[in-house]
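Let me begin by presenting the structure, written as structure tokens, before commenting on it.
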Amino acid sequence: MPSLNNLLLILLLPFCSFLLLGLAGRKRLSPLAGILGTTSLFISALLSVHSAWTYFSSTSSHKPEVAWSMNWLQFSDSLSIDMGVLVDPISMMMLVVVTVVSFMVHLYSLGYMKGDERFTTYYAYLSLFTFSMLGLVVSVNLFQIYMFWELVGVSSFLLIGFYYDKPSAVSASKKAFIVTRFADLGFLIGILILGHGAETLDFNTLIARLTDPSSPWLGALSAGSFLGASALTWGLLLVFMGGAGKSAMFPLHIWLPDAMEGPTPVSALIHAATMVVAGVYLVARLFPVFAIACPVALDVVLWTGIISSVFAALIACAQTDIKRVLAYSTMSQIGYMMFALGLSGYGGEAGLGYTASLFHLFTHAFFKALLFLGAGAVIHMVHSNEIKDMGGLRKRMPVTHLAFLIGCLAIAGIPPFAGFFSKEEILTAAYAANPVIYWIALITAGLTAFYMFRLYYLIFWSRESGVSNAHPVDEHHGEGTISMKLPLLLLSVGAVIAGLVPFGNYVSSDGTPLHIHLHIGDAVLPVLIALTGIGIATYFYKTESSKPAKLMQSMRVFYMTLHNKFYIDEIYLFITKNIVFPLIGRPAAWFDKFVIDGTVIAIGRTTDRIAETVRVMQTGRVQDYALFFIASLITLAVFAIYLFH
Amino acid sequence: MTAIPLTHILVLSTLLFFIGVFGFLTRRNLIAMLMGLELMLNSVNINFIAFNKYLYPEQIEGLGFTIFIVAIAAAEAAVAIAIIINLFRTTHHIDAEQADSLKY
Amino acid sequence: MMDPSLIAFYAISAFILVTGFMTVISTRLFRSAIYLLFSLIGIAGLYFLLEVEFAAAVQIIVYVGGIVVLIIFSIFLTNQGGASMPFPHLIRRNVGAAAAMAGAAVVGTLAAAYEWHPFPITFDTSMSRIGHMLVGTGEGSLVLPFELVSVLLLAAMIGCIVIAMKSRHEEK
Amino acid sequence: MNLHLLVALPVVTALFLLLLRDLRQIRLIALIGSIVQLGACFLLLDSYLDVRAAGITEPVLFKSSAAWFPSLGISFTTGVDGISLAMILLSALVVLAGVLVSWNTEHLPREYFFLLMLLSAGAYGFFISLDLFTMFFFLEVAVIPKFLLIGVWGSGRKDASALKLALMLMAGSALVFVGMLGLYFNSADSFGAHTFDLETLSMQAMSLNQQLMFFPLLFIGFGIFGALFPFHTWVPDGHSSAPTAASMFLAGISMKLGGYGCLRVAAYLMPEAANYYAPVIITLAAIAVLYGAFATLMQTDLKYINAYSSVSHCGFVLLGIGMLNQTAITGAILQMVSHGLMTALFFAAIGMLYQRTHTRMVSQLGGLLRFMPFISTVFVIAGLCSLGLPGLSGFVAEMTVFMGAWEKHDTLSRVATIASCASIVVTAVYILRATGKVIFGPVADAHHGEAGDACWNEKLAAGVLLAGILIIGITPFLLTQLIQPDIERIMFNIGRDLAY
């Protein structure tokens, strides 16, 4: 059991750094801001690694434990938001991933963001993001995770829109926030259903109540049926909707490619290693409930994952912006993690998918961060995201080239790089569970190898002469400072060795160690397919030729569909611009202005008109008044005398 | 002298009163309206005297009221005429129809 | 056989009503004022007939001698002595006449329908009694209203002067 | 602690202001007055907590009563419990911020601050009243100054807006008064004498028919103040025409009078009718929430955006009250406090922007973060609070309402709750659209940079409100603990009547 102080310190250091940098304003701390943020994250990372080390080496069976918790907001007798720190294998693993990657990004940004006028603000946002992500990871309570979930969303909104005077960045940040917010709506309703159904928001209690077949809560939740599914299914599906939004699963993925408008280190942090895997983490957190109480919901996770995976891989083959290629590859890899969770069972060997999924999460964090940071270095040098502006950079940027190559090999699943091991586990689990999934996953793996190496060749090989004239290389930059190269090297090491961690011993669905045996025979086919993908990429893209253009011509419709991302963006745009705004928003505004306000004004006008009519009686002539007076007097007298005798 | 029936006197005063009312309502000249008003006051005076004499001869307050009404009528006429003269001076007419600045 | 006082009453009544009516319909203002004068004199006669001499005297002195003269003065002051007045609007006249007749009908019916029970003792209007009533201090005397009326008259006098006085602004 | 002090302080400040001529003196006195008010409120809070800590469980503390019109059973009864205390604190914060924001009022400053003080006196008086008549009296005191504030110092179509606002609120208070009279004349059956006393009336066994007749009057009457759909149209026009401080007062305090009244008078005294009409209330509230949000989408004026968003947010208050359970009502009160602070902050930020750029049209603004980092940050934080960012007050309040709303099991409530939840997405859309255009994005007009960033007074005003938002957002248990016993008492009362 790691010490509580260390755990709290891990969370508080980034938070304090955020407060300090955020309140200090942009000018006062500018030179120190980066160093301050990086140092605090460095300490955090050290503490996390230490805590994880202590935790994993101390006991062999890992049940979730609440290290600390406080009652933050009491809703009713049974329902409350508690703030706390949950210690279990996945939270410890995530702590390490988040702090290490975040530290790398902090370090890298020292060079990458140098000279930006909002340098301090940038580090404040980074710290805020890290804090929120850490808080999310250690949540003890369904609502706590939702809170940090939202905080993560906002800090990513701020980071994506960091270059706030670029309209594309602003609209990308809006899109990211709104799409994930829409997903969070599902999450929220899911929380309401599950929380009220189980009469608790606490994870441990919730899982205990909803996995025990004899518990009254489970009975009540599974009993009713709404649109053909029980409340429990709906609750879990809606919670998964939240996760799918954050993890950019089809069809809620549209924000992720656009989110690449943010600074590249931010993309590495948020959109590769940490925030986007929050959905996977959420499903993993509630995994026992999914697996035991509601396999239907788990099937949805499975199919969403596999569809996203292949869908994104296809799109990635036709993108020309290097960050977008990486974004789609992220989506594809997260799809991998999702479907691995989806096909897993609970406990024992059946839980291989669970372990594999989180293992992939772990390795993916390293090599994807590496790829993004490498791409960042390239962009830093070329000042463009477009592949056409690059080519032949391997001699100018030897370190970046090497790091990027390692990243590509890792993601393609070539042994002995990290990706190989985790992917292999996933495929093994898939093979055991469902052959259809297995084959789709294999195809995806091939596509992955193809598009990653397409990218690699187009950046570092292809044109020997170097870069195009439109974007002359900033020579004095070189490859960037040591603070940019160092994280690349460190992450390269991670991408090589992360796969060697005996992950099954630490993380498994039921907390007991799972011994994983990889059979060489099983691995042959996937590696062959990956190599084929690489081979095709080499054939087409290693040297500049007309071969890709010919290929494009031959499959024009298909290529354009992929290039335009299956027109999903256009569909969303159509829905919002042509349905939500004109058919709901405008009528609402119109209704308010003309019907409701119109009624109020009409009442006023009517009163006015009545007054207008009546005031004619006020002629101003004494005799008229006298006449009214006498006539009324006589009438009253007649009434008084003859009618009310 | 009770040969005159009270009812007849009352009818007289009633008719006189409503002649005054008619005058007040129809005349356009303010002075003529004032005359209608005087007629009304006088019919009331007749009533006071008649009631006093016929119904409560042992008292005399009816007569007192008549005297007060006459006094107040005098004051009222004086003030009214002052107003009329002032109006005439400012607008050069004393037409009730045109003096409608109280309108609306 | 009709009582002579009754005959006198009818005669006086007819006189009052006819002159009163002429007052309100005459088209010339000055004639109107003269008819009013006769009407008021007729009312004084009625008071004599009812043996309320003091009231008759007051009527003649104040009304005939004061108010009517005041009215005639004002007619001259507003330069309308012989001018014929514009006719009232037809609608106004008809409505006014209707209102007056309806009112007269209601009140007259009431007065005629009610059974009055006159009290058969003489009505003592001796000067000393009136004097005690007006300025005495005993039970039922009206000295306070009397004083108030005097104040009112004073106020009216001052008010008339203030209202009718040419304002300084105008003098310039 | 003498509660009358709370009403006396602003009144004395207001009267003192009348003696002054110079803008500097006037605003200084107004500032001192509002700081003293805030201090008094904190003292009150302190002594309240002391008494509670001593174990006194009386429902209402610092109660005092003076006969006002004894023959009619009207008395000047005052007292506070946790709920009214929360409202009083909210008012004091908003008043202080409002005075600071109007620091540079040049047109008739004396009258302006006088009216602000009068309004705050009305608000304090309303919240401490325990007698319906006194309550009504202070409600009226709080209405009239608004008319003048908008009519004299407003902008745009101020005459029409002022008239609309005053007439609608007057209509509301007329309904309230009729409802109160209904309660008053029914009280004789139970107690032998007519009374306006709130606590006494809560013991009253009023027949269901009577309740059904008078509850709508009271609820709609207070609902007009609290922007109940479809009686909310004074909100957009009134807010957008009002000067900054008046907008803050309107949204921050006046709209809370309505919510407080709906809870304290309508639902508390006639729980059976509240239960009977709950479906209607819930439906209207859900419509207000969602419809207000959608209507906001189409607005182009920043003040209209915030005003419609207020309609949407105040819908949560009524939704919470309509649900009639402890969690939801807690949420409603949290939302009142939270929305008061948040929307006041938003209006303050809009006012500051307007002062510098002379436009409130979203299309004419852009990239202000470059010129006014402080104001822009405040604007963004207010926006984030509005869309329910955790750590700020809006999140706590909305989530509590949702949690409570889900407790009610019938289909209608479920649908209403889900519809209300959906508004958080729409809210995000309109807030981010506005923020993205006004604060971020390319600079629309380089002249906007000439006026510079916030002055000390504006920073202080924003700071005061921000502090409130953050305190509630980060430590909501402070507030919930304060109001918890009182809500339990109200729930007990409601539960008893419903069982009966």
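Chains B, L, S and D are the protein sequences, given in the same order. Quick note on numbering: this note's numbering labels position 384 of the first sequence as 384, and the sequence is numbered without any gaps. Quick note on numbering: this note's numbering labels position 31 of the second sequence as 676, and the sequence is numbered without any gaps. Quick note on numbering: this note's numbering labels position 49 of the third sequence as 798, and the sequence is numbered without any gaps. Quick note on numbering: this note's numbering labels position 405 of the fourth sequence as 1326, and the sequence is numbered without any gaps. By construction, the Cβ of each residue, glycine as well, lies at the ideal position given by its N, Cα and C atoms. The structure presented is a predicted model; accordingly, all values stated were derived computationally and were not measured.
Quiz item: Interface residues of chain D around residue 589 of chain B at Cβ under 9 Å?
Solution: 1215, 1216, 1217, 1218, 1219, 1220 and 1229
Self-check item: Own chain partners of residue 349 of chain B with C-beta closer than 8 Å, once the 5 adjacent residues on each side are dropped
Solution: 514
Quiz item: From residue 921 of chain S to residue 904 of chain S, what does the alpha carbon distance come to, in whole angstroms?
Solution: Model confidence at residue 921 of chain S stands at a pLDDT of 46, short of 50, so the residue's coordinates are unreliable and nothing is read from them.
Quiz prompt | alpha helix (DSSP H) segment containing residue 1221 of chain D, residue limits | solution = Per DSSP, residue 1221 of chain D belongs to no alpha helix (DSSP H) and is neither H nor E.
Quiz item: Start and end of the alpha helix (DSSP H) containing residue 350 of chain B?
Solution: No alpha helix (DSSP H) contains residue 350 of chain B, which DSSP labels as neither H nor E.
Quiz item: So with Cβ pairs under 7 Å, would you call residue 646 of chain L a contact of chain S?
Solution: The predicted model places residue 646 of chain L with a pLDDT of 49, which falls under 50 and marks its position as unreliable, so this point remains unresolved.
Quiz item: Should residue 625 of chain B be flagged as near chain S, meaning a C-beta pair shorter than 7 Å?
Solution: no
Exercise. Tell me whether residue 63 of chain B is buried or exposed, calling it buried when 16 or more other Cβ atoms sit within 10 Å of its Cβ.
Key: A residue is called buried once 16 or more other Cβ atoms fall within 10 Å of its Cβ, and residue 63 of chain B, having fewer, is exposed.
Self-check item: Beta-carbon contacts of residue 379 of chain B that lie in its chain and below 7 Å, excluding the five residues immediately before and after
Solution: 264 and 385
Quiz prompt | Reduced DSSP secondary structure (H/G/I, E/B, other) of residue 937 of chain D | solution = Taken through DSSP and simplified to helix, strand or coil, residue 937 of chain D comes out as helix.
Self-check item: Within the segment 593–632 of chain B, ranges of the alpha helix (DSSP H) (whole runs, at least 4 residues)
Solution: 597–614
Exercise. Note down, in chain order, every chain S residue with its Cβ under 8 Å from the Cβ of residue 689 of chain L.
Key: Near residue 689 of chain L there are no residues of chain S at all, since even the closest Cβ is about 11 Å away, more than 8 Å.
Quiz item: Taking the beta strand (DSSP E) that residue 71 of chain B falls in, what are its first and last residues?
Solution: 65–74
Practice problem: For the alpha helix (DSSP H) containing residue 1272 of chain D, list its first residue and its last residue. | Solution: 1247–1278
Quiz item: Would residue 852 of chain S count as contacting chain B if we go by Cβ distances under 7 Å?
Solution: yes
Quiz item: So, do the segment 691–698 of chain L and the segment 649–665 of chain L have three or more beta carbon pairs nearer to each other than 8 Å?
Solution: yes
Self-check item: Listed by chain order, chain B residues near residue 848 of chain S by CB distance under 8 Å
Solution: Against residue 848 of chain S, the close residues of chain B are 627, 630, 631 and 634, in the order they occur along the chain (beta-carbon pairs closer than 8 Å).
Quiz item: Per DSSP, residue 299 of chain B forms a beta bridge with which residues?
Solution: Paired residue(s): none; residue 299 of chain B is not in a bridge.
Practice problem: Would you list, in chain order, the members of the segment 772–787 of chain S that have their beta-carbon closer than 9 Å to a beta-carbon of chain L? | Solution: 772, 773, 774, 775, 778, 781, 782, 784 and 785
Quiz prompt | Beta-carbon separation (whole angstroms), residue 210 of chain B vs residue 291 of chain B, contact threshold 8 Å | solution = In fact, because the Cβ distance is near 11 Å, the residues do not count as touching under 8 Å.
Quiz item: At what residue ranges does the segment 1325–1408 of chain D contain a whole run of the alpha helix (DSSP H), taking only runs of 4 or more?
Solution: 1332–1359 and 1377–1395
Quiz item: Does residue 598 of chain B get closer than 7 Å to chain L when you measure Cβ to Cβ?
Solution: no
Practice problem: Give me the Cβ distance between residue 667 of chain L and residue 773 of chain S, rounded to the nearest whole Å; I'm assuming they're in contact under 8 Å. | Solution: With a Cβ gap of about 6 Å, residue 667 of chain L and residue 773 of chain S count as contacting.
Quiz item: With 16 other CB atoms within 10 Å as the buried threshold, where does residue 398 of chain B fall?
Solution: exposed
Quiz item: In chain L, which residues lie less than 8 Å from residue 765 of chain S when you measure between Cβ atoms?
Solution: 657 and 661
Quiz item: Of all the CB atoms in chain B, is at least one closer than 7 Å to the CB of residue 884 of chain S?
Solution: no
Practice problem: Check each residue of the segment 313–332 of chain B: if its Cβ is closer than 7 Å to any Cβ of chain D, include it; give the result in chain order. | Solution: none
Exercise. Please name the residues in the segment 717–730 of chain L whose beta-carbon is closer than 8 Å to at least one beta-carbon of chain S, in chain order.
Key: Listed in sequence order: 717, 718, 719, 720, 721, 722, 723, 724, 726, 727, 728, 729 and 730.
Quiz item: On the three-state DSSP scale, how would you describe residue 53 of chain B?
Solution: helix
Quiz item: Shortest alpha-carbon distance to residue 563 of chain B belongs to which of B:130, B:317 and B:597?
Solution: B:317
Quiz prompt | residue 877 of chain S at chain L interface by Cβ criterion, 7 Å | solution = Not closer than 7 Å to any Cβ of chain L, the Cβ of residue 877 of chain S fails to qualify, so no.
Quiz item: At a Cβ cut of 9 Å, what residues of the segment 1317–1329 of chain D count as close to chain B, listed as they run along the chain?
Solution: 1317, 1320, 1321, 1323, 1324, 1325, 1326, 1327 and 1328
Quiz prompt | Distance CB(residue 674 of chain L)-CB(residue 778 of chain S) smaller than 7 Å | solution = yes
Practice problem: Starting from residue 83 of chain B, trace the beta strand (DSSP E) both ways and give me its first and last residue. | Solution: 80–87
Practice problem: Measure the CB-CB distance between residue 1296 of chain D and residue 1269 of chain D and report whether it falls below 7 Å. | Solution: no
Quiz item: Three or more beta-carbon pairs under 8 Å between the segment 995–1005 of chain D and the segment 1385–1398 of chain D, yes or no?
Solution: no
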